[in-house]
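Accompanying notes for the structure given below.
2 protein chains.
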Amino acid sequence: MSTFEKELNNVKSCSTEYILAVNDTLNVLSGKWKLPIIGTLLFGKKRFREIERCIPNITARMLSKELKELELNGMVKRTVYDSIPVSVEYELTKSGKTLTLVLDSMAVWGLRHRKAVMIAEKL
Amino acid sequence: MSTFEKELNNVKSCSTEYILAVNDTLNVLSGKWKLPIIGTLLFGKKRFREIERCIPNITARMLSKELKELELNGMVKRTVYDSIPVSVEYELTKSGKTLTLVLDSMAVWGLRHRKAVMIAEKL
DNA sequence: GTAAGCACTATACTAAAGTATACTGGTATA
DNA sequence: TATACCAGTATACTTTAGTATAGTGCTTAC
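Keeping their order, the protein sequence lines are chains A and B.
Every letter in the first sequence is one number past the one before it in the working numbering, and letter 54, counting from 1, is 54.
Every letter in the second sequence is one number past the one before it in the working numbering, and letter 81, counting from 1, is 81.
If you want it as C-alpha cells, here you go:
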C-alpha cells in the first residue's frame, strides 16, 4: 500500500476530518484571483507588477491582498531584495508546487464533467 | 500513455484552458455547504430532511438553494416519488461520484500541507 | 522638472453570499 | 382539535468579497 493510500484511509476513517481536510485545500484556492495567481507563478518567480500584468483586470489592491493570504497559507514565498529601489519577488513554496497534482486532477475532472453535462443536455 | 495523461497534456497545452477547467471544478464546490452536502450523499441517497439533519446549522433555505445548484451542475439527481405525501430523494450522479477521486487528492494534500505549515511555524 | 515605473496602501463603494425567522399546504398521530 | 413531520418558499437582514479610484515614497529616464 502506498503512502498516499495509507494517509487516505486514515483520513477517510473519520468523515468530518475528511471534509475538513478537503475544505482546507478549498480555502487555499478560495476567491476569484488565487487560482490565476498560482497559475502565473507556476512558470517561475515573478515580481508584483509582472503578476499584475499577467492577470487581466486584477487591481493592485486585490493582488496585494491575495498574495498576503497565499503567503500566510504557506503557498507563496515573498523575498525582498534591498536593491534601490527595493524589488520584491514572489514564488510558490514546495507545498505550492505539489498542489499542481491536485489541480491536474481537478482540470481533468472539470473537462470530463463538462462533456458529460453537455451530452446529458442534448438528450 | 493513459487516458488521464493524454487529456491532461491536452488541457495543459493551453494555460488559460487549464485554469478554466480547474475553475469549473472549483465552482461546483463553491460556497459553504456544497461539500458537506456531497459528503453526506457519498453514503447513499437521502431525503431533504435527512440531509438537513446530517449537516449542523444548515437552514432549509440554504439546503434548498444549494441542492438546486448541484442539480443544475449535474452533480445531484432529484427524484420525486408521488406517494402521499410526496417524498423526494437526492443522490449523486455518476459525475458526482467520480468527483470523490478529486476530493481524495484534495484531502491528502490538505493534510500534508497542514503538517508542512505547522513544521515551518515551529522554526 | 515632469513623467513614468516600482510596490504597494487608503477610502469608499457595490455586489454576492449567507442568516434569521416566519410561513405554505399537505398528512399522520395523539 | 392540536401538534408535528414533510418539502420546501418568502422576506428581510447582515456579512463578506470584490471594485473603483486616488495617493504614498522612492528612482530612473527624457
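Even glycine gets a Cβ: it sits at the ideal position worked out from N, Cα and C.
Here the structure is a predicted model, which means the values were calculated and not measured.
Item                                                                                                                                                : Value
Spell out the partners DSSP gives A/ARG78 in its beta bridges.                                                                                      : A/TYR90
Relative to the C-alpha of A/HIS113, which residue among B/LYS65, B/GLU7 and B/MET1 is closest?                                                     : B/GLU7
By alpha-carbon positions, which one of A/ASP104, A/TYR81, A/VAL76 and A/SER105 ends up nearest to A/ILE37?                                         : A/VAL76
Along the alpha helix (DSSP H) that carries A/LEU70, what are the first and last residues, could you check?                                         : 60–72
Distance check for A/ILE19 and A/SER13, CA to CA, integer angstroms please.                                                                         : 11 Å
Given a cut-off of 8 Å, decide if A/MET106 and B/VAL108 are closer than it, judged by their beta-carbon atoms.                                      : no
Should the stretch 27–37 of chain B be called in touch with the stretch 20–35 of chain A, which here means at least 3 C-beta pairs below 8 Å?       : yes
Which first and last residues belong to the alpha helix (DSSP H) in which B/ILE19 is found?                                                         : 15–28
Are there three or more Cβ pairs, one per stretch, closer than 8 Å when the stretch 58–66 of chain A is compared with the stretch 54–63 of chain B? : no
For B/LYS46, does the three-state DSSP call read helix, strand or coil?                                                                             : strand
Can you say whether A/SER87 is buried or exposed, counting buried as having 16 or more other CB atoms within 10 angstroms of its CB?                : exposed
Using a Cβ-Cβ cut-off of 8 Å, state whether B/GLU52 counts as contacting chain A.                                                                   : no
Would DSSP call A/PRO36 helix, strand or coil?                                                                                                      : helix
Report buried or exposed for A/GLY44, applying the criterion of at least 16 other Cβ atoms within 10 angstroms of its Cβ.                           : exposed
Looking at B/ALA21: is its Cβ nearer than 8 Å to the Cβ of A/LEU111?                                                                                : yes
Can you pull the chain B neighbours of A/ARG114, defined as C-beta to C-beta under 8 Å?                                                             : ALA21 and ASP24
Measuring only the C-alpha atoms, how far is A/GLU17 from A/SER83?                                                                                  : 46 Å
If you follow the alpha helix (DSSP H) that B/ASN9 is part of, which residue opens it and which one closes it?                                      : 3–12
Report yes or no: is there a C-beta of chain A within less than 8 Å of the C-beta of B/ASP104?                                                      : yes
Within 10 angstroms of its Cβ, does A/LEU123 collect 16 or more other Cβ (buried), or is it exposed?                                                : exposed
How is A/GLY96 classed by DSSP in three states: helix, strand or coil?                                                                              : helix
Are the beta-carbon atoms belonging to B/LEU41 and B/TYR81 less than 8 Å from one another?                                                          : no
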